[in-house]
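**Student:**
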Amino acid sequence: MASVLLDLLTPAYMPFAISFVVMLGIGLIEAVGLGLGHIDVHADVAGDANADGAGATLLDWLGLGEMPVLIWLTALLACFTLLGLAIQQGATAWLGAPFSPAFAAAGAGVGGLFLNTYVSNGLARLLPGLETTAITSDELLRLRGTVLEGTARRGQPARAKVVDRFSQAHYVMIEPHEDGDTIAQGETALLVRREGSLFFALPDVSQLRAS
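So for the sequence shown, the numbering used here puts the first residue at 944; every next one is plus one.
(1) Relative to the C-alpha of F1057, which residue among I1126, Q1111, W1015 is closest?
(2) Report the option in F1142, R1136, E1138, S1110 whose CA atom is closest to the CA atom of M1116.
(3) Residues in its own chain within less than 6 Å of L952 by CB, not counting five upstream and five downstream?
(4) Which residues in the same chain have their Cβ closer than 8 Å to the Cβ of P1155, if we skip the five residues on either side of it in sequence?
(5) Just the Cα atoms here: how many angstroms apart are G1033 and G1139?
(6) Could you check if M1116 belongs to the surroundings of the ligand MG, using beta carbon to heavy atom distance under 6 Å?
(7) When DSSP labels each residue in this structure, what does E1082 get in the three-state scheme?
(8) Hey, quick one: how far does the beta strand (DSSP E) through F1143 stretch, first residue to last?
(9) Suppose you measure from the CA of D1122 to the CA of G1093; what does that come to, to the nearest Å?
(10) Please state if the CB of A1048 and the CB of L1026 are separated by a distance shorter than 7 Å.
(11) Is S962 closer than 7 Å to F1023 when the C-beta atoms are compared?
(12) If you follow the beta strand (DSSP E) that I1030 is in, where does it begin and where does it stop?
(13) Can you tell me whether Q1099 is buried or exposed, with buried defined as 16 or more other CB within 10 angstroms of its CB?
(14) Starting from the Cα of L1020, find the closest Cα among P1044, V965, I972 and give me that residue.
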């Protein structure tokens, strides 16, 4: 084990040393519960997959749809690191020297991706209680957002805070759904439509009556 760790300090093992360090860093983030597994990247990927059947099939095959993205990435980095070490150790034993870092990294990258499909799907079966709290952008529809600053008008969006069913806050840009409506700072509105990253909302009826 000590010799393998020393090998990681040599140029031939550099891609796998970097992968190992990144893997440990992600594992530490997950362990201390910083919640970075709920980043918007995951939501966007899930949203694209829902809109495209082929994308959903590919993500399911990769195992990415079964668990939070950082856990999946940690497993991928582990597969990449272990395969890289095996490739370089095998090359040294059979050829007397390791492969070039780029050649070994390419082989470990392809092999690691395939291996990780089995690892991820296996983890999903072993951990049935594992549930991601990441949501797609469309899941924010039919939720209420509160304008944080400015006044939202048609053509002039304002920044709003939306809290999802997991009590996580999302910050989005909203405009009124109807041309004549406005949503002032501190007012709430129901998100009813989305175009890209922009949401359209209906002001709460009670606020309309008060005004």
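For glycine and all other residues, C-beta sits at the position ideal for the given N, C-alpha and C. On a predicted model such as this, the values are computed, not experimentally measured, just so you know.
**Tutor:** In terms of the structure at hand:
(1) Locating residue 1057 in the sequence shown gives position 114, where the first residue counts as 1. Selected option, being the one with the closest Cα: W1015.
(2) For this step, residue 1116 is matched to residue 173 along the sequence shown. It is F1142 whose Cα lies nearest to the Cα of M1116.
(3) For the purposes of this step, residue 952 is taken as the residue at position 9 of the sequence shown. Its chain contains no residue whose beta carbon lies nearer than 6 Å to that of L952 once the 5 sequence neighbours on both sides are disregarded.
(4) Since the first and last residues shown for the chain are 944 and 1154, residue 1155 lies out of range.
(5) Within the sequence shown, numbered from 1, the residue matching residue 1033 stands at position 90. Within the sequence shown, numbered from 1, the residue matching residue 1139 stands at position 196. Each residue's alpha carbon lies about 49 Å from the other.
(6) As far as ligands go, the structure on display features none, and thus does not contain the ligand MG.
(7) Position 139 of the sequence shown holds residue 1082. In the three-state scheme derived from DSSP, where H, G and I count as helix and E and B as strand, E1082 is classed as helix.
(8) Within the sequence shown, the letter at position 200 stands for residue 1143. Start and end: 1141-1146.
(9) As a first step, residue 1122 is located in the sequence shown; it is residue number 179 there, counting from the start. As a first step, residue 1093 is located in the sequence shown; it is residue number 150 there, counting from the start. In a straight line, the C-alpha of D1122 is about 17 Å away from that of G1093.
(10) What you label residue 1026 is simply residue 83 of the sequence shown in a count that begins at 1. What you label residue 1048 is simply residue 105 of the sequence shown in a count that begins at 1. Not a contact, by the Cβ cut-off of 7 Å.
(11) Your numbering for residue 1023 matches position 80 in the sequence shown. Your numbering for residue 962 matches position 19 in the sequence shown. For the pair F1023 and S962, the CB atoms are nearer than the 7 Å cut-off.
(12) Working through the sequence shown from its first residue, we reach residue 1030 at position 87. Run containing I1030: none in the beta strand (DSSP E); it sits in the alpha helix (DSSP H), 1012-1038.
(13) Against the sequence shown, residue 1099 aligns to sequence position 156. Classification for Q1099: exposed.
(14) The residue given as residue 1020 occupies position 77 in the sequence shown. When only C-alpha atoms are compared, the closest one is V965.
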